[in-house]
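Be aware that the sequence shown starts at 194, since it is given in our numbering, and climbs by one per residue.
The structure appears right after this line, and notes come after that.
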Amino acid sequence: MLGYVTGLGRGEVDRLMREVADRLRAEGWPLAGAVQHNIETGPTSKCHMDLQVLSGADVVRISQDLGALSRGCRLDPQGLERVVGLVSAGLSKGAALLLVNKFGKQEVDGRGFRPVIGEALSSGVPVLVAVNEGNLEAFLTFAEDLAEALPPDVESVTDWCRARMREAAEV
194 MLGYVTGLGR GEVDRLMREV ADRLRAEGWP LAGAVQHNIE TGPTSKCHMD LQVLSGADVV
254 RISQDLGALS RGCRLDPQGL ERVVGLVSAG LSKGAALLLV NKFGKQEVDG RGFRPVIGEA
314 LSSGVPVLVA VNEGNLEAFL TFAEDLAEAL PPDVESVTDW CRARMREAAE V
């Protein structure tokens with residue numbers, strides 16, 4: 194009930210997750226979660242990171258501009274927590290699947306989407322998560338033996354989601 198995708202190049206997993214969400218929404222599946230859109234701002238500055246909430250029309254910026262020379266994390270924790278609240282509310286409305294754009298540092302530290310992932314799984318809602326290589330070990334520790342690695346292609350991931358949603362609906 195917990196699938197994850199990893200191992201793609203920069204921005205590729207975001208595109209994969211958006212495509213999976215678009216396909217499932219077009220088929221009428223009720224989704225909770227968020228997918229990431231990176232907005233390029235030019236060659237001398239870093240992109241903006243926006244999360245599109247799948248259970249509504251909200252798009253929330255989760256990056257902050259720290260200046261051209263900054264090396265620190267650009268994540269805006271308040272923006273992320275706002276999205277987490279919106280996603281949790283969407284999950285409680287009867288979602289068939291939770292999509293999490295990234296199991297990142299906030300989740301490694303027990304914050305961000307981590308509680309919502311647990312909430313979904315304990316409610317019998319399947320979860321799809323994108324995980325980068327740097328956080329894979331922490332994710333697998335969190336997931337224990339529940340995590341299933343998925344091949345990084347849209348068809349396979351979409352098929353996995355459909356199968357898990359059907360299984361969950363039969364219970």
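Glycine included, every Cβ here is placed at the ideal spot set by N, Cα and C.
Each of Val301, Val364, Ala361, Cys354 was checked against the Cα of Tyr197, and the nearest Cα belongs to Cys354. When secondary structure is reduced to three states using DSSP, Asn328 falls in the helix class. Between the alpha carbons of Ser349 and Glu312 lies a distance of about 25 Å. Closest in C-alpha terms to Leu279, from the list Asn328, Thr351, Ala250, comes Ala250. For the options Gly204, Leu314, Ser285, Asn325, the alpha carbon positioned closest to that of Asp243 is the one of Gly204. Under DSSP, the beta-bridge partners assigned to Gln229 are Leu244. Contact between Asp215 and Gln229 fails: their C-beta atoms lie close to 13 Å from each other, not under 8 Å. Excluding its 5 nearest sequence neighbours in each direction, Ile310 has C-beta neighbours in its own chain below 6 Å: Val320, listed in chain order. Ser315 counts as exposed, since fewer than 16 other beta carbons sit within 10 angstroms of its beta carbon.
Secondary structure remark: continuous alpha helix (DSSP H) runs of at least 4 residues inside the segment 263-344, in chain order: 270-284, 298-301, 307-315, 329-336.
In the three-state reduction of the DSSP assignment, Val350 falls in the helix class.
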